[in-house]
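Residue numbers (the numbering used here): 344 to 499.
Have a look at this one:
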């Protein structure tokens, strides 16, 4: 289910007020919502915005996509910055926890008798050496079986 954070219109005609809600993206604008996160009243001067930042961060961390207007409201309320800092510090915390959970002993070094014999590669095997070595015979042209001799004394 794709969750979006968007506005749900409430209020009388010509006097809109909105609720900031978490809703399934396939639902209609004023349809059933998952959770009411806050309110927005654009008619007051200055506009009244009240958003539960912890709930907004919760939905954002679970993959909810905010609409353009709601993302601006989240920036004003500080929830967007809180979400961004939680994402960067959250990964650092999880890395720190993983480091603490790892054993403090280093891995034992492999013993010499476990090392497999590998053939040594010579200079002839490298692609650079193959590219530098000129060909002994000229390349065959158009499917010819033998190269043509280029002696000046022979007639062509």
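Beta carbons are placed, not taken as given, at the ideal position from N, Cα and C, and that holds for glycine. Please read these numbers as outputs of a predicted model, since none were measured by experiment.
Which class does residue 378 belong to by DSSP, given the choice of helix, strand or coil?
Here residue 378 sits in strand by DSSP.
In the DSSP assignment, what are the bridge partners of residue 355?
The bridge partners DSSP lists for residue 355 are 358.
Measure the alpha-carbon distance for residue 392 versus residue 371 and round it to whole angstroms.
Rounded to the nearest angstrom, the gap between the Cα atoms of residue 392 and residue 371 is 23 Å.
If you run the structure through DSSP and keep just helix, strand and coil, what is residue 516?
Absent from the structure is residue 516, since the part of the chain shown begins at 344 and ends at 499.
Classify residue 349 as buried or exposed, calling it buried when 16 or more other Cβ atoms lie within 10 Å of its own Cβ.
Its Cβ being crowded by 16 or more others within 10 Å, residue 349 is buried.
Residue closest to residue 377, alpha-carbon to alpha-carbon, out of 421, 347 and 410
347 is the residue among 421, 347 and 410 whose C-alpha sits nearest the C-alpha of residue 377.
Selection from 415, 352, 356 and 365 that minimises the alpha carbon distance to residue 559
Here the chain has residues from 344 to 499 only, and residue 559 is not among them.
In or out: residue 390 buried (at least 16 other Cβ within 10 Å) or exposed?
Residue 390 should be labelled exposed.
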